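For the sequence shown, the UniProt record's numbering assigns the number 1 to the initial residue and increments by one for each residue that follows.
Where is the CB? At the ideal position from N, CA and C, for every residue including glycine.
From a predicted model like this one, the values you see are computed outputs, not experimental measurements.
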Amino acid sequence: MVHSMTAFARCEQAGPFGTLCWELRSVNHRYLEPHLRLPESFRELEGAVREALRQGLSRGKVECTLRFVEEGAGQRLQVDEARTRQLLAAARQVAALIAQPAPLNPLDVLAWPGVLVADVADPQALNAAALALFQEALQQLREGRQREGGELARLLGERLDAMQDEVAALREQVPHMLANQRQKILDRCAELQVELDAQRLEQELVLLAQKSDVAEELDRLITHIGEVRRVLKAGGAAGRRLDFLMQELNREANTLGSKAFDPRSTQCAVNLKVLIEQMREQVQNIE
1 MVHSMTAFAR CEQAGPFGTL CWELRSVNHR YLEPHLRLPE SFRELEGAVR
51 EALRQGLSRG KVECTLRFVE EGAGQRLQVD EARTRQLLAA ARQVAALIAQ
101 PAPLNPLDVL AWPGVLVADV ADPQALNAAA LALFQEALQQ LREGRQREGG
151 ELARLLGERL DAMQDEVAAL REQVPHMLAN QRQKILDRCA ELQVELDAQR
201 LEQELVLLAQ KSDVAEELDR LITHIGEVRR VLKAGGAAGR RLDFLMQELN
251 REANTLGSKA FDPRSTQCAV NLKVLIEQMR EQVQNIE
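Okay, here's the thing in structure tokens:
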């Protein structure tokens, strides 16, 4: 089954340490492009989160946001003295380059990320809980992408059926269109009272039939339709393959239109191009 690249997942977990909440948003993209928004105290999870995304998804722009609301009761705030000293040293270095530096506000120092930390009993356990919750959210995201992918496959299947019907109808009508064209030439010559060389007429009609022969284009259209069905059935990361097949289908429809000599063949080419464009827009969302 094919998967969409568009989905949303949200997982929340409350515990004695506080409340963790992951939100994952996925949209279409040529490659896998993760964007992580993590609190400073969870930065060490970034590598594991990126690896989990790489293992679970192949394409899409994925925004991963972690929110953590600490349980305030029984906790006290601490100052990370080593980080504070580093910050003050950097501030003095910058102040030396300024003619009249403003005095440093202690509250500004406390607001710097990592200076003020909560008294968390077991940060490793908290990180493990956040990573486990991320795996749950990622699974929800994959399931959402799978559901939407199934719906996209159904819509593509409907348009493939419509294309196949158009091709079959045109194939059946081509001999009648050629016969009508031959009769139009005869009727026109009769109106003009022109005596025709029967052999020359047949040569011209054969030439017209060759120029307007669309059997090869119709065969290739059917072949490409069958390949799209096969790719959809095989599933996996099929988006790029399907996009290529849409280009090939469009090329055959254009050739069909350039060979049109009857309003029915022209209308068929237009109908096929409309269906192909509808499919191309849907294919952009397939992983």
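Please confirm if residue i has its CB atom under 8 Å from at least one CB of chain C.
i    : result
E143 : The chain labelled as chain C is not found in the depicted structure, where only one protein chain is given.
Excluding sequence positions up to five away, which residues of its chain have a Cβ less than 6 Å from the Cβ of residue i?
i    : result
R145 : H3, S4 and A7
A73  : Interpretation of A73 is limited by its pLDDT of 47, a score under 50 that renders its predicted location unreliable; the figure taken from the coordinates is listed afterwards. Result list for A73: empty, nothing under 6 Å.
T137 : For the record, residue 137 in the displayed sequence is Ala; it is not Thr. Same-chain partners within the cutoff: A9, C11, W22 and L24.
E248 : H224
D262 : M177
N250 : I276
Whole angstroms is fine: what's the gap from residue i's alpha carbon to residue j's?
i    : j    : result
A128 : I276 : 48 Å
E158 : K273 : 15 Å
T84  : L242 : 55 Å
C268 : E281 : 20 Å
R240 : L155 : 18 Å
T255 : H29  : 31 Å
Q100 : V94  : 11 Å
A102 : A89  : 15 Å
L32  : G149 : 17 Å
A14  : Q140 : 18 Å
Q135 : K233 : 27 Å
L97  : P123 : 39 Å
A132 : A125 : 11 Å
F17  : D161 : 56 Å
D165 : G257 : 17 Å
N180 : R147 : 49 Å
A82  : P106 : 15 Å
R220 : P175 : 19 Å
Under 8 Å Cβ to Cβ from residue i, same chain only, skipping five residues before and after it: list those, please.
i    : result
L245 : H224, E227, V228 and V231
A169 : C268
Below 7 Å CB to CB, which residues in the same chain sit around residue i once its five sequence neighbours on both sides are set aside?
i    : result
L87  : V109, W112 and V115
P34  : R50, L53, V62 and C64
R171 : L218
L36  : E46, V49 and C64
L104 : A91
A130 : L20, F42, L45 and L66
A253 : A269, L272, K273 and I276
G56  : L138 and R142
V69  : G18 and T19
G235 : M1 and V2
N285 : S4, M5, T6, N28 and L152
Q173 : R264
If residue i sits next to residue j, beta carbons under 8 Å apart, how far is it from one beta carbon to the other, in whole angstroms?
i    : j    : result
E51  : L38  : Their Cβ separation, rounded to whole angstroms, is 15 Å, which puts E51 and L38 out of contact at 8 Å.
M177 : S265 : 7 Å
V167 : I222 : 6 Å
A237 : S26  : Actually they do not touch by this definition, with Cβ atoms about 14 Å apart.
A153 : M279 : A153 to M279, Cβ: 11 Å. No contact.
G60  : E287 : 6 Å
Which one or two residues does DSSP pair with residue i in a beta bridge?
i    : result
H35  : E63
A234 : BP columns for A234 are empty, so no partner.
E277 : BP columns for E277 are empty, so no partner.
C21  : E12 and R67
S26  : A7 and V62
V283 : V283 pairs with nothing; no bridge assigned.
V2   : G236
Would you say residue i touches the ligand NAD, meaning its beta carbon is less than 7 Å from a heavy atom?
i    : result
R229 : The model on display carries no ligand, and the ligand NAD is accordingly not part of it.
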